[in-house]
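Here is the structure we will look at.
Residue numbers (this note's numbering): 417 to 811.
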């Protein structure tokens, strides 16, 4: 039996085991249910609190993220604005640089075009002047050729050159000689010979001239090259320093139309010129010769000294040659005597050698005779030995 008290009236009563167990079970069930309900209520409240906290935290995170997003957006907007500003500034600077470069190029192009136009104009003027001069020259030559016969062309060119020279002879070539070459003793002759002398009468320069021309109607057209060999021959025969061909041949040749043509690679000190350069070639060669006149004088002095030395050397060589001939004759006789003496000495040496050999042979023979004994003579010969022994016994 169990005794329990009522919690309200505090009255005690007794119950058996079954009742006690039933009451205990009820108490436990009720307590458990109460605890369970309390726990469920607590769990519900904790859940609601947790949900509230989570909701608040989530809202805060959402608000923070939104704020950060807004800040990022603002930062991006600021960066975009800065970039747009920088791009606009860079574009503006680039545009300014391009515009400046374009202006400079435009100014440079205008300057180049202006210079090119001026150059073209100058070249055009120069070529027009040259063409005009060339046409006038060609026209003059054609006019001259049209008026003259083929036979008179060469003589007219010679007369032209002679007139040109005589026109300035009194002022430029007072001591000069310029005349036709009339000496055909060597088989040929040039047209003109020019010589200039100094105040002492020494030659400064000499030139053999040949003038050549022909008509447009001439069947066989000659070339300047055809006359160079003969001109060089005439120059050498007349002992002229230079040779010049004054020619109107090959009128279309750019080589001969440009000025003085040096053909020294074919023939030494030879030139081909048009008539308008006739006086110029004389002046050039004469001035060059005057410049070298001092060197020629020094060379002449050295040559004279060389001649004196040569004469001395020649006389010395004659003396040496005469002395050498006399010495050779004396030496030859002396050598003959020496040879005879050598022959006599050789003969005496041979006689001496023969006598010495004879003496040597006699001495050897005497030595051998002195060395002969009976014993040596009978050695190996028993008969002779017995005969000598018998003769000795008898003695």
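Quick reminder that beta carbons are idealized off the backbone N, C-alpha and C, glycines included. Here the structure is a predicted model, which means the values were calculated and not measured.
Close beta carbons around residue i, own chain, < 6 Å, minus the five adjacent residues each side
i	result
residue 433	none
residue 584	none
residue 589	none
Other residues of its chain near residue i: CB distance less than 8 Å, five sequence neighbours each side excluded
i	result
residue 649	604
residue 410	With the chain covering 417 to 811 only, the question about residue 410 has no answer from this structure.
residue 615	591
Simplified DSSP state of residue i, which is helix, strand or coil
i	result
residue 688	strand
residue 679	coil
residue 699	helix
residue 663	strand
residue 707	helix
residue 668	coil
residue 425	coil
residue 567	Any answer about residue 567 is weak, because its pLDDT of 42 lies below 50 and its placement is not dependable; what the coordinates show is given next. The answer is helix: DSSP assigns residue 567 an H, G or I state.
residue 674	coil
Check whether residue i and residue j have beta carbons under 8 Å apart
i	j	result
residue 620	residue 706	yes
residue 686	residue 659	yes
residue 690	residue 644	no
residue 662	residue 573	yes
residue 612	residue 606	no
residue 609	residue 654	yes
residue 677	residue 671	yes
residue 694	residue 577	yes
residue 647	residue 630	no
Beta-carbon proximity list for residue i, same chain, < 7 Å, skipping 5 on both sides
i	result
residue 639	665 and 666
Fill in: beta strand (DSSP E) segments (min. 3 residues) lying fully within the stretch 583 to 661
592 to 596, 608 to 613 and 619 to 628, all fully within the stretch 583 to 661.
Worksheet entry | Entirely enclosed beta strand (DSSP E) segments - the stretch 480 to 567, minimum 3 residues | For the beta strand (DSSP E) assignment, the stretch 480 to 567 encloses no uninterrupted run of at least 3 residues.
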